[in-house]
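Heads up: the sequence shown is residues 232 to 585, going by our numbering. Note that CB positions come from ideal geometry on N, CA and C, so glycine has one too. Everything on this sheet refers to the single structure shown next.
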Amino acid sequence: MYSMNLLYKTIFSCYSTIIVRSINLQIRIHNLRSSSDADMNFTPGNNNLTTTMNYRDAFVLAVGKNVTVIVLGITINYINATLVHTFNKHHIFKLNPRYILFIHLTFNDMIQLTTSISLFVFSYAFHTIYVSLCCLLILPAILTTRNTPLNLAFMAAECYIAVCIPLRYNNICTVKRTYIVIGIIWTMSSLSVLPDVFILLATEPLEFLNSRVFCSRDSVFRSPYTVKKRDVSHILFLVVVWLTLFYSYFRILFVAKAANADAKKARNTILLHGFQVLLCMTSYVRPMLSQVLTYLFPGSLASINFVMFIINQILPRFVSPIVYGLRDKTFRKYFKSYLCTVNRHPKIEGTLIN
């Protein structure tokens, strides 16, 4: 745990340095704009007050957004790192497919949070970066974002097998097959993302790779073929994941009518799966949703993008450790012991909630 604490202190220090640099950059940009505006539209008596208020608003928003995102990211990743540490320290977890899928989701969320928050902070610190560097940063963020709903769908299928066909559970859900499933998740996500890179290399001139852009998927992968392929893959992922969730939920719902406590817990967990997937799926309708919100709240595009970033990238990762980790008796006990640095080893009991 000491090494994890040191790691997160280092990360926080790096992000703090980036924030300071971004603030200094914003100050210089603002001063240049203010000087230009003062030369063109100088109003005696009121100009200094107006300039100060505009500067303060920009400063507060920049600092507030960056600090909010970084604090949320470090908090969630610290909880997730504790869960991963608990999994690695106790061999019994590594023999249960349910825990393996859960920890894969947790580790995937840690990568996703780190890359997406880094991109968010870099957008304030540098605004534009080289396209080649942007690709290296944005690809892990896209891959891990795609992995989340697929992982949740397989977790829902595992719940269905455990509740509806328990006699065949040990034959179907083995450790080896669980790792094969994880490989399938990464393969499906890669097949939907890596073609964008090949299209980029085939359609864009070499000068574009050496140019600087605001690092986003639409800015880098701007080919019409990429947009069409992305829309098709979004629809395909949406249909597959939601069909899996609906089928698992209603099959478990019928079993839960028999007043089986485990089945009812599984039903509730499937509902939570659906809520988390719904948050993740906002990335698929984000352009349309942003247009609607921009129409309703003109002049608030920056605030809309920030809220969408929180809902789509951070909130689903905040749900994971609470829903699947802290609700479980085993993880909750070990989490408390590691978090409070208590030198004791609680007896393992309970299983991850179905």
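Asked: Neighbour-count burial assignment, E438, 16 or more Cβ in a 10 Å radius; Found: exposed
Asked: Cβ-Cβ distance between T379 and D340 below 9 Å; Found: yes
Asked: Cβ-based neighbour list, T505, same chain, cut-off 6 Å, excluding 5 preceding and 5 following; Found: In the sequence as presented, Thr is not what sits at residue 505; that position holds Gly. If we look at G505 and ignore the five residues flanking it on each side, its Cβ neighbours are L476.
Asked: C-alpha gap between I360 and A372, whole angstroms; Found: 16 Å
Asked: Through-space distance from H321 to I403, alpha-carbon basis; Found: 24 Å
Asked: Cβ-based neighbour list, S213, same chain, cut-off 7 Å, excluding 5 preceding and 5 following; Found: Outside the shown range of the chain (232 to 585) lies residue 213, about which nothing can therefore be said.
Asked: Same chain, Cβ closer than 6 Å to H335, neighbours up to 5 away in sequence not counted; Found: I413
Asked: With 16 other Cβ atoms within 10 Å as the buried cut-off, status of N319; Found: exposed
Asked: Exposed unless 16 or more other CB atoms sit within 10 angstroms - verdict on F481; Found: exposed
Asked: Any chain C beta carbon closer than 9 Å to N441; Found: Annotation note: the requested chain C is absent from the structure, which comprises a single protein chain.
Asked: S190 vs L510 beta-carbon contact at 9 Å; Found: Any property of residue 190 remains undetermined from this structure, which presents the chain solely from 232 to 585.
Asked: With 16 other Cβ atoms within 10 Å as the buried cut-off, status of V302; Found: exposed
Asked: Span separating the alpha-carbon of N311 from that of T525; Found: 34 Å
Asked: Cα-Cα separation between F351 and N536, rounded to whole angstroms; Found: 11 Å
Asked: Between the CA atoms of L474 and Y391 - distance to the nearest angstrom; Found: 13 Å
Asked: Buried versus exposed call for K296 [16 or more other C-beta atoms within 10 Å across all chains shown]; Found: buried
Asked: Span of the alpha helix (DSSP H), counted from its first residue to its last, around N536; Found: 532-540
Asked: Cβ neighbours of R264 in the same chain (closer than 8 Å, five flanking residues each side left out); Found: Confidence in R264 is poor, its pLDDT being 44 and thus under 50, which makes the residue's placement unreliable; the coordinate value appears in the next sentence. Correct list: empty, nothing qualifies.
Asked: Distance CB(A388)-CB(S479) smaller than 9 Å; Found: yes
Asked: Pairwise C-alpha distance: F452 and V458; Found: 8 Å
Asked: Boundaries (first-last residue) of the alpha helix (DSSP H) holding K407; Found: 406-434
Asked: Where the alpha helix (DSSP H) containing D340 begins and where it ends; Found: 328-356
Asked: N441 classed as buried or exposed, judged by whether at least 16 other C-beta atoms fall within 10 angstroms; Found: exposed
Asked: Test item: CB-CB of L398 and C446 under 9 Å; Found: no
Asked: Three-state secondary structure (DSSP) of V302; Found: helix
Asked: Inter-residue CB distance, S454 and S423 (contact presumed, cutoff 8 Å); Found: Their Cβ separation, rounded to whole angstroms, is 15 Å, which puts S454 and S423 out of contact at 8 Å.
Asked: Cα-Cα separation, V523 to T418; Found: 34 Å
Asked: Residues near V444 by beta carbon distance below 7 Å, same chain, minus five either side; Found: T359, V362, C365, S450, V451
Asked: Cα-Cα separation between T375 and F528, rounded to whole angstroms; Found: 31 Å
Asked: Which of helix, strand or coil DSSP assigns to R399; Found: helix
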